[in-house]
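**Q**
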DNA sequence: ACCTGAACACCGTTCAAGT
DNA sequence: ACCTGAACACCGTTCAAGT
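Protein chains in written order, with the working numbering: chain A, 1 to 226; chain B, 227 to 452.
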């Protein structure tokens, strides 16, 4: 591509690269322009402003997630898309913060919603229960990622980090927290990331149970109306 | 208080007021100073910088949440604190966005963690299961609030909003989403907020079942070692 | 000890001008 | 049609100075 030739897609692509590499606060219109080899004002010829770039960025993230496909094994489809969503949001840790307050879902976001509802509906979920299930699953993914990106350390804490945290805690102030840190969170082999599958299983179990209960009721009413 | 006399507590209090009234983007050091009746630079005498103000702001939010107290009825205690967390985060919609990437939990945050783990441990949860349960519950609350603050409308959508959303959607692109909107989300009486209790019940049911399963195993091993 | 004035190195965006 | 230069009204923060 010739320098100075830019379009909407390229702007969003470069914006994502900057955010991935240097964080959201490094993503300024001026930095974006510099990386595109163009003056800041040129960008405004292709997008309405920074907010439009951020909206597009969020939708780009949704586009990276796997789309579930309807079929008999709803649980596997839903699990796959939920794992994918978590992985994608983990790869772009700025994305979940960007989500907050952004009230204009893009096409990729809508497509995700549509596909998830489709899987549940085709599996036989009522409209109500499909809504409950999707809202719970999405809340879980978003919330888990929020937790992950606000851990006081990245990946596993080093011995020094653990030491500094423990000494910073006033003696006896947080007994259960200390018990948990010593006995589990700071124990060798523990990683917070592994909690994801545990929670996902609990959530899916709960949804499966609710679905089973619904099936029983609808079978019953079908029988009764016969 | 005499004008020009400021301290850390007052700075954080006024910062919260600005964010509540006008959003996070309105919270600038200069606006904060103006409202405190002081020059911008005076603030730096009491806090390290804007980041310290934001950290304090987050902890102020945690301090607003109800603290669970240990007791026999763990499920009620946990439900109460989870509802309280959701209500508080809903009252300060900027808070959940602030959480992201903030890796220095304050005392009120630690106290919340400690109290929740305390309730579960005193009820007989193993360290592992207490961790699973708390991580799931917190993910649910954070994620639910993220969803709530990124709905395409505030509270219930007006007829015009619904109309404009529906006409903006390409014909037949999102069949399941349209079905859900027409049949449920835009139906009279529906409010997304009500999904919270449904999801919370599912989450608590799942935790209760896991706890029961754990009790059975530990009773069994107690019997076998006799 | 606490507050201030001036300044620095940034922002996003408007507007009028270039080609 | 697309890009630019200069400017405006902001930011957070440093530094040296006041009281």
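Don't be surprised by glycine CBs; every beta carbon is placed ideally from N, CA and C. The structure presented is a predicted model; accordingly, all values stated were derived computationally and were not measured.
For residue 416 (chain B), which residues of its own chain have a beta-carbon under 7 Å away from its beta-carbon, when the five flanking residues on both sides are left out?
**A** The answer, listed in chain order, is 410.
**Q** Which residue comes first and which comes last in the alpha helix (DSSP H) that contains residue 42 (chain A)?
**A** 40-43 is the span of the alpha helix (DSSP H), which, as asked, contains residue 42 (chain A).
**Q** Residues in its own chain within less than 7 Å of residue 257 (chain B) by CB, not counting five upstream and five downstream?
**A** Only 244 meet the Cβ criterion.
**Q** Output the residue ranges of the beta strand (DSSP E) runs that lie fully inside the region 252-330 of chain B and measure 3 residues or longer, sorted by chain position.
**A** As far as the region 252-330 of chain B is concerned, it has no whole beta strand (DSSP E) run of at least 3 residues.
**Q** Can you tell me whether residue 259 (chain B) is buried or exposed? The criterion is at least 16 other CB atoms within 10 Å of its CB, across all chains shown.
**A** Residue 259 (chain B) comes out buried.
**Q** Might you give, ordered along the chain, the residues of its own chain that have their beta carbon closer than 8 Å to the beta carbon of residue 215 (chain A), omitting 5 neighbours on each side?
**A** Same-chain partners within the cutoff: 124.
**Q** Does any CB atom of chain A fall closer than 8 Å to the CB of residue 466 (chain B)?
**A** Outside the shown range of chain B, which is 227 to 452, sits residue 466 (chain B), and nothing can be said about it.
**Q** Can you give me the C-alpha to C-alpha distance between residue 396 (chain B) and residue 363 (chain B), rounded to a whole angstrom?
**A** The alpha-carbon atoms of residue 396 (chain B) and residue 363 (chain B) are separated by roughly 37 Å.
**Q** Grab me the residues of residue 47 (chain A)'s own chain with a C-beta within less than 8 Å of its C-beta, minus the 5 sequence neighbours each way, in chain order.
**A** Cβ within range, chain order: 8, 11, 53 and 56.
**Q** Can you give me the C-alpha to C-alpha distance between residue 307 (chain B) and residue 322 (chain B), rounded to a whole angstrom?
**A** The alpha-carbon atoms of residue 307 (chain B) and residue 322 (chain B) are separated by roughly 17 Å.
**Q** Roughly how many whole angstroms lie between the Cα atoms of residue 153 (chain A) and residue 104 (chain A)?
**A** For residue 153 (chain A) and residue 104 (chain A), the distance between alpha carbons rounds to 33 Å.
**Q** Would you tell me roughly how many angstroms separate the C-alpha atoms of residue 212 (chain A) and residue 203 (chain A), rounded to the nearest one?
**A** Rounded to the nearest angstrom, the two C-alpha atoms are 14 Å apart.
**Q** By Cβ distance below 7 Å, which residues in the same chain neighbour residue 320 (chain B) in space, the five residues on each side in sequence not counted?
**A** Answer for residue 320 (chain B): 245, 249 and 250, listed in chain order.
**Q** Could you compute how far the alpha carbon of residue 41 (chain A) sits from the alpha carbon of residue 355 (chain B)?
**A** The straight-line gap from Cα to Cα measures roughly 55 Å.
**Q** I'd like to know if the region 163-179 of chain A and the region 100-117 of chain A are in contact, where contact means that at least 3 CB-CB pairs between them fall below 8 Å.
**A** Flag = no, the region 163-179 of chain A and the region 100-117 of chain A do not touch.
**Q** For a contact defined as C-beta to C-beta under 9 Å, what are the partners of residue 31 (chain A) on chain B?
**A** Residues of chain B passing the Cβ test: none, with the nearest at roughly 19 Å.
**Q** Looking at chain A, is there any beta carbon in it that lies within less than 8 Å of the beta carbon of residue 271 (chain B)?
**A** So no, residue 271 (chain B) is outside the interface.
**Q** Give me the subset of the region 77-101 of chain A whose CB atoms are less than 9 Å from a CB atom of chain B, sorted by chain position.
**A** The region 77-101 of chain A vs chain B, Cβ under 9 Å: 93, 94, 96, 97, 98, 99, 100 and 101.
**Q** Let me know the secondary structure DSSP gives residue 391 (chain B) once reduced to three states.
**A** Three-state DSSP puts residue 391 (chain B) in a helix.
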